Every structure is written in structure tokens, then in C-alpha cells.
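Scroll down for the structure; my scribbles are underneath it.
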Amino acid sequence: MFKKSDSTVSSSASATVGVASPPGSPVLSPTSTLYGAPGSVEYTVDPENDTTALGLALDPADVLTDRARGWEDFVRALKRHFDRLADAEKAMAKCHAANAKEWSHPSQIRNLAFEENSAVRAIGTVFLADANTMSSQHTNVSKSLDKQTVSALDAILKNLKSKVRELLKEQKERNRERVKDTETIVKAKENLAKAISFARRPGADSKRYGDPWLANFEVKQELALAKLKHVARTEKLVQVKADFRVFEANLVRELKVALIGVSSMSEIMPHRSGHATDIEAALAKFDTEKEWQAFCVSRLDKSGGPAMFEKDEYEGFDDPLVGVVHEGLLSRKGKGLIKTYKEHYYIVTAGGYMHEFKSKPQLDRPDEVEPDDTIYLGNCTLESLGAQDRKPEEFILTEKNEDGKMFQRASHVYKFLGASMAAASQFHSAISSLAKTTLGVVATGSTNVMGRTTTVLSAKGEADIKRTTTVA
């Protein structure tokens with residue numbers, strides 16, 4: 067979740083000496099990052115890794131990323147701690163070496179003033195021996211720290227940085243996908259609300275945002291896809307948690323090995339034995355399994371992921387306009403050179419649309435449902451069943467182009483045939499309830515042997531046909 071601006075840590079830094087020092091004595095720069103204020107390592111937030119700022123619920127994998135970052139910060143603090151100790155030991159070793167050099171250097175002035183067996187010269191000999199001893203001790207401690215603790219912590223920190231980079235990369239990709247899914251769902255819901263709103267308006271505006279049924283299906287489709295992704299992430303998380311658990315156990319074991327070396331300082335400098343014992347006791351009390359279980363209970367298991375994908379109820383999901391009036395198989399006469407009837411699957415929706423499919427669409431699957439053809443019934447005129455010597459199961463639907471666009475046909479004529487009279491009647495009734503105009507022919511001619519009603523159309527046209535008109 068956070069991007070670190072790494073500080074350069076130099077193990078060669080040493081402490082500032084407030085008085086004049088012998089040539090070659092160590093001096094610590096007050097501006098050294100190793101000796102800055104606590105918490106001087108700055109973190110800058112990468113917007114794509116800030117899950118909560120993106121408006122997303124915390125994913126369990128994000129908690130593991132935070133855990134890895136916490137370990138990285140802890141090991142970095144340990145590394146800086148022992149870098150400073152190593153620097154201090156080197157500085158003290160050089161300081162005592164300089165003292166030893168000072169007392170071992172012949173002084174003509176002191177030799178003239180004090181006899182060889184003088185108590186004053188004996189004191190100098192004691193300080194020389196002490197300086198040599200202390201220089202050796204501090205040198206051995208600094209070497210022990212560098213060789214065992216600091217180098218081991220370097221390797222651990224390098225491994226942790228790699229792990230954090232890997233987790234942050236995965237988190238960024240995961241957040242991008244979740245944000246995209248959220249935006250897509252929000253957009254689909256907005257389109258549904260517009261489609262429902264405009265479907266209730268009269269005139270050309272009613273079809274501006276399409277069929278509410280299709281818009282509602284798009285919302286369901288996006289929710290289903292998001293759910294599948296969430297389920298996949300949840301299933302993957304089982305292995306991710308198991309891998310991280312092993313990673314953390316190995317990390318703790320390596321840390322114990324690195325820090326147990328501090329106890330060797332007590333062999334070199336006995337006065338530090340108490341401190342070394344405390345460190346060993348703290349490490350011995352660290353129960354890896356117990357620590358992991360506590361983390362799971364307090365943090366990991368409480369993050370359940372995006373709740374919005376678990377709900378199928380949203381504004382407009384149960385609106386009457388998203389429903390289906392009728393659906394089933396119906397044959398339509400082709401528009402090409404071979405004008406034969408071919409069976410298709412049709413869905414007549416409450417929003418006033420008739421959608422054509424090659425076969426029954428699998429609406430329970432999160433696949434894209436794209437109609438082969440769509441008729442807006444609000445611009446249609448429906449003729450009666452079996453009119454003008456047609457079969458009883460046959461009817462004509464004329465869609466008028468009311469968009470006013472150039473290079474478009476003024477109207478489209480669709481001829482339909484039901485597999486049975488019942489099937490044809492059901493479709494005819496459903497379309498009639500939504501079509502702009504339904505023409506009902508009143509018998510003005512004779513009935514032929516096939517049972518069809520014959521109507522004669524005079525030169526005056528439609529005025530000679532008695533019609534019953536229903537405006538939807």
C-alpha cells in the first residue's frame with residue numbers, strides 16, 4: 067500500500083567527537099541518515115495501492131501486504147540498530163587504539179620529569195594496557211556484529227524488499243481490476259436507471275437509452291463477472307495465506323539465527339552478558355505459530371473482501387419495465403432473395419422491444435447476450451392474424467423509422483408465422499399490448515373454405531377497411 071523512499075545506510079559512519087581528535091580518528095556526520103530522528107524513513111502513498119482511498123473494501127491479500135511491510139520496517143529498524151552499534155564499536159576501537167598509541171609513544175618531556183620506576187610512569191603503563199585491551203575487545207565486537215548480525219539482517223531485508231515489491235505489484239493489479247469492475251457496475255446501473263426513466267416517456271425519447279430489460283441484464287452480467295473474479299481471488303487466497311505463513315516462519319527462524327549472535331558479545335565483553343541474556347529470552351518466547359494465529363484472528367480473518375458484489379438487489383432490479391412479456395420460438399420470413407420462413411427465438415420485453423436470437427439465450431451465464439435483431443414496438447403497426455388470405459398463424463409487423471435519419475428506409479416489414487395457432491396468438495397478443503397501433507380487421511367479405519376472412523381493399527385504400535385501433 068505504501069511506496070518507500072529508501073535511505074542510504076552506511077555502515078562506515080561513526081560518532082561525532084566534540085574535541086580535537088588524533089589524525090585518522092572517526093567522525094560521524096550529523097546529517098547521516100543512520101543517525102537521523104526515529105522514523106526518518108519516509109513512506110509515500112501510491113494511489114493505486116491505497117485500497118481504502120480507492121473506495122474499496124480491504125481485501126485479505128492487502129492485509130498480508132501490510133504484514134510484509136511491517137516485517138520490512140521491523141527488520142530495517144533492527145538493521146539500523148546494529149549498524150549504529152557496529153559503528154560505535156569501530157569508533158571505540160579506533161579511540162582506544164589512538165589512546166594506546168598515545169601512551170606507547172615515547173615522551174622526552176615525561177622521561178626527563180619522571181624516573182623509570184616512578185608511579186606516574188606506572189599509571190601510564192596501566193592506561194596503555196587498558197587501551198590495548200579495550201581496543202581489542204571493541205574490534206572483536208564490531209567484527210562479530212558485521213560478520214554475523216548485520217550481514218544476516220542485510221540478507222533478510224533484501225528478501226523482504228523483494229517480497230513487498232511482489233505483493234504491492236499484485237495489490238496494484240488487483241485494485242485496478244476491482245476499480246474497473248466497480249466503475250463498470252456503477253455505469254451499468256446508471257444506464258439501467260436512464261433506460262427505465264426514458265422508457266416511461268412518450269415519443270422518440272422513450273428509446274434513447276434502449277431496452278430496460280437489456281440494461282438490467284447488463285447489470286446482472288457485470289455483477290456475475292465480478293462475483294466470479296471475487297470467488298477466484300478468494301480461492302487463490304487460501305494458497306496465498308499458506309505460502310505467506312511458511313514465508314513468515316522462515317523469516318522468524320532467520321531472524322533468531324541473526325540475533326542470537328549478539329550473545330557472543332558477552333564472551334568478549336562480560337559486562338554485556340545481562341543484555342545478551344535478555345535478548346535470548348525474548349527470542350525464546352517468540353512462538354511463530356501463536357503469533358500467526360493471533361494475526362489471523364485480529365486482522366486477516368476480519369477482512370472479507372468487497373461486499374457490494376454479494377448483493378443482487380439494486381435500484382431498478384425489480385421494476386416492471388425490466389420484465390419479459392412473452393418469449394419463445396417464432397418463424398420469420400427472410401428478407402433476401404429466398405423468402406422462406408426460418409425459426410428464431412424471440413423475447414418480447416415490458417419496455418416495448420422484441421429481440422431476435424438464433425436460439426434461446428443462456429441468461430443464467432455471465433456471457434454477453436447480443437440480439438441478432440431488435441424491433442422497437444413503440445414505432446410499430448401490428449396487423450391482425452390471418453388477414454388478407456394469409457395463414458391463420460401468420461401476421462405482419464411494420465416498424466416505421468421515426469428517427470428522421472437520412473439514408474434509412476422509411477419502414478421495415480416483418481412477416482411472422484407461429485408453429486401453432488396458440489403460439490401465434492400468444493405472440494400477437496404480447497406484441498399488441500406494446501405496439502403503437504394494432505389493426506383488427508372486421509369481416510366485410512366472405513369466409514373461404516380454409517376458414518380465412520376475405521377483405522376487399524378498394525382504390526380508396528384504407529378508408530374502406532373498418533379497423534379497431536389501440537394506441538399503446
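Going by the working numbering, the residue at position 100 of the sequence shown is 166; the numbering climbs one at a time, nothing skipped. In this text, a Cβ means the ideal position worked out from N, Cα and C, and glycines have one as well. Because the structure is a prediction, the values reported are computed rather than measured.
Quiz item: If you drop the 5 nearest sequence neighbours on each side, which residues of the same chain put their C-beta closer than 7 Å to that of ASN54?
Solution: This structure cannot settle anything about residue 54, because the visible part of the chain is limited to 67 through 538.
Self-check item: Per DSSP, the bridge partner or partners of LYS466
Solution: If you number the sequence shown from 1, residue 466 lands on position 400. Paired residue(s): SER477.
Quiz item: In angstroms, rounded to a whole number, what distance separates the CA positions of TYR275 and ARG267?
Solution: Start at 1 with the first residue of the sequence shown, and residue 275 comes out as number 209. Start at 1 with the first residue of the sequence shown, and residue 267 comes out as number 201. Taking the straight line from one Cα to the other gives about 11 Å.
Quiz prompt | Helix, strand or coil at PRO92 according to DSSP, with G and I counted as helix | solution = Start at 1 with the first residue of the sequence shown, and residue 92 comes out as number 26. For PRO92, the pLDDT reaches just 42, beneath the cut-off of 50, and the residue's location in the model is therefore unreliable, although a value from the coordinates is still provided. Correct three-state label for PRO92: coil.
Quiz item: Ordered along the chain, which non-local residues of its own chain (more than five positions away) have a Cβ less than 7 Å from that of ALA152?
Solution: One-based indexing of the sequence shown puts residue 152 at position 86. Cβ within range, chain order: SER77, SER208, LEU211, ASP212, VAL216.
Practice problem: Compare the C-alpha of LYS286 against each of GLN305, LYS273, LYS255, PHE310 and name the closest. | Solution: Walking along the sequence shown from the start, residue 286 turns up at place 220. Answer by Cα proximity: LYS255.
Quiz item: Buried or exposed: THR406, going by 16 or more other Cβ atoms within 10 Å of its Cβ?
Solution: Your numbering for residue 406 matches position 340 in the sequence shown. The residue is exposed, with fewer than 16 neighbouring Cβ atoms inside 10 Å.
Quiz item: Taking Cβ positions, are GLY400 and LYS408 nearer each other than 8 Å?
Solution: What you label residue 400 is simply residue 334 of the sequence shown in a count that begins at 1. What you label residue 408 is simply residue 342 of the sequence shown in a count that begins at 1. The answer is yes: Cβ separation under 8 Å.
Self-check item: Collapsed DSSP secondary structure at TYR407 in the structure displayed
Solution: Residue numbering aside, residue 407 sits at position 341 when the sequence shown is read from its first letter. TYR407 falls in the strand class under three-state DSSP.
Quiz item: Per DSSP, PHE423 forms a beta bridge with which residues?
Solution: Your numbering for residue 423 matches position 357 in the sequence shown. PHE423 pairs with TYR411.
Self-check item: Coarse secondary structure for THR504, derived from DSSP in three states
Solution: The residue given as residue 504 occupies position 438 in the sequence shown. THR504: strand per DSSP, three-state reduction.
Exercise. Pull up the DSSP beta-bridge partners for LYS399, would you.
Key: As a position in the sequence shown, residue 399 is number 333, starting the count at 1. For LYS399, which the question treats as bridged, DSSP gives the partners TYR407.
Exercise. Go to ASP439, then tell me how far its beta strand (DSSP E) extends in each direction, as first and last residue.
Key: Walking along the sequence shown from the start, residue 439 turns up at place 373. Looking at the DSSP string, the run of the beta strand (DSSP E) that includes ASP439 is 439-442.
Quiz item: What's the call for PRO88, buried or exposed, on a 16-neighbour Cβ count within 10 Å?
Solution: Stepping through the sequence shown from its first residue, residue 88 is reached at position 22. Any answer about PRO88 is weak, because its pLDDT of 40 lies below 50 and its placement is not dependable; what the coordinates show is given next. When all chains shown are included, PRO88 counts as exposed.
Exercise. With DSSP collapsed to three states, give me the class of THR74.
Key: Against the sequence shown, residue 74 aligns to sequence position 8. With a pLDDT of 33 at THR74, under the threshold of 50, the modelled position of that residue is not reliable, and no figure is offered here.
Quiz item: Given a threshold of 16 other Cβ atoms within 10 Å of its Cβ, counted over all protein chains shown, does THR118 qualify as buried or as exposed?
Solution: Counted from its first residue, the sequence shown places residue 118 at position 52. So THR118 counts as exposed.
Self-check item: Rounded C-alpha distance that separates ASP378 from VAL141
Solution: Stepping through the sequence shown from its first residue, residue 378 is reached at position 312. Stepping through the sequence shown from its first residue, residue 141 is reached at position 75. Approximately 45 Å, taken between the alpha carbons.
Quiz prompt | N-terminal and C-terminal residue of the alpha helix (DSSP H) that THR563 is part of | solution = Within the shown structure, residues of the chain are numbered from 67 to 538, placing residue 563 beyond reach of any answer.
Practice problem: Could you pull the start and end residues of the alpha helix (DSSP H) that LYS368 belongs to? | Solution: One-based indexing of the sequence shown puts residue 368 at position 302. Neither: LYS368 is in no alpha helix (DSSP H) and is coded neither H nor E.
Self-check item: Buried/exposed call for LEU294, threshold 16 Cβ in 10 Å
Solution: Here the question's residue 294 lines up with position 228 in the sequence shown. It is exposed - the Cβ of LEU294 has fewer than 16 other Cβ atoms within 10 Å.
Quiz item: Between the C-alpha atoms of ASP139 and ASP438, what's the straight-line distance to the nearest angstrom?
Solution: Within the sequence shown, numbered from 1, the residue matching residue 139 stands at position 73. Within the sequence shown, numbered from 1, the residue matching residue 438 stands at position 372. The alpha-carbon atoms of ASP139 and ASP438 are separated by roughly 59 Å.
Practice problem: Tell me the start and end of each unbroken alpha helix (DSSP H) in the segment 247-329 that is at least 4 residues and wholly inside, in chain order. | Solution: 278-326
Practice problem: Give me whichever residues DSSP pairs with LEU483 in a beta bridge. | Solution: Translated into positions along the sequence shown, residue 483 becomes position 417. LEU483 pairs with SER397, GLU460.
Self-check item: Neighbourhood of GLU320 by C-beta, 6 Å cutoff - its chain only, sequence neighbours within 5 removed
Solution: Against the sequence shown, residue 320 aligns to sequence position 254. Leaving aside the five residues that flank GLU320 on each side, the residues in its chain whose CB is nearer than 6 Å to its CB run, in chain order, ILE222.
Exercise. For LEU120, I'd like the list of residues in its chain whose CB is within less than 7 Å of its CB, leaving aside the five on either flank, ordered along the chain.
Key: Residue mapping note: residue 120 aligns to position 54 of the sequence shown, counting from 1. Here the set comprises ASN241, VAL245.
Practice problem: Find out if the Cβ-Cβ distance for the pair TYR412, GLU393 is shorter than 8 Å. | Solution: In the sequence shown, counting from the first residue as 1, residue 412 sits at position 346. In the sequence shown, counting from the first residue as 1, residue 393 sits at position 327. Taking 8 Å as the Cβ cut-off, TYR412 and GLU393 qualify as a contacting pair.
Exercise. Select from THR464, SER201, VAL414, ALA143 the residue whose C-alpha is nearest the C-alpha of ARG475.
Key: Stepping through the sequence shown from its first residue, residue 475 is reached at position 409. When only C-alpha atoms are compared, the closest one is THR464.
Self-check item: Which of helix, strand or coil DSSP assigns to THR97
Solution: On the sequence shown, residue 97 is found 31 positions in, with the first residue counted as 1. The predicted model places THR97 with a pLDDT of 41, which falls under 50 and marks its position as unreliable; any figure quoted below should be read in that light. Three-state DSSP puts THR97 in coil, outside helix and strand.
Quiz item: Tell me which same chain residues have a C-beta within less than 8 Å of the C-beta of THR447, skipping the five on either side of it?
Solution: Your numbering for residue 447 matches position 381 in the sequence shown. Same-chain partners within the cutoff: LEU463, THR464, LYS466, ALA501, LYS502, THR503, THR504, LEU505.
Quiz prompt | Sufficient close CB pairs (3 or more, under 8 Å) joining the segment 351-359 to the segment 161-179 | solution = With a cut-off of 8 Å, the segment 161-179 and the segment 351-359 do not count as touching, because too few Cβ pairs lie within range.
Practice problem: Would you check if the distance between the CB atom of ALA218 and the CB atom of VAL323 is smaller than 8 Å? | Solution: The sequence position of residue 218 within the sequence shown is 152, counting from 1. The sequence position of residue 323 within the sequence shown is 257, counting from 1. Against a cut-off of 8 Å, the Cβ pair of VAL323 and ALA218 comes out as a contact.
Quiz item: Under 8 Å, do ALA134 and GLU236 count as touching if we go by C-beta distance?
Solution: Residue numbering aside, residue 134 sits at position 68 when the sequence shown is read from its first letter. Residue numbering aside, residue 236 sits at position 170 when the sequence shown is read from its first letter. Against a cut-off of 8 Å, the Cβ pair of GLU236 and ALA134 comes out as no contact.
Practice problem: Alpha carbon to alpha carbon, how far is LEU395 from GLY484? Give it in angstroms, no decimals. | Solution: Working through the sequence shown from its first residue, we reach residue 484 at position 418. Working through the sequence shown from its first residue, we reach residue 395 at position 329. Computed Cα separation, rounded: 8 Å.
Quiz item: What residues match up with HIS392 in a beta bridge as DSSP calls it?
Solution: Residue mapping note: residue 392 aligns to position 326 of the sequence shown, counting from 1. Note: HIS392 sits in a beta bridge opposite VAL414.
Quiz prompt | 6 Å Cβ shell around LEU144 - same chain, five flanking residues per side excluded | solution = As a working note, residue 144 is residue 78 in the sequence shown. The residues are LEU219.
Quiz item: Alpha carbon to alpha carbon, what distance is there between ILE326 and GLU346?
Solution: In the sequence shown, counting from the first residue as 1, residue 346 sits at position 280. In the sequence shown, counting from the first residue as 1, residue 326 sits at position 260. Approximately 6 Å, taken between the alpha carbons.
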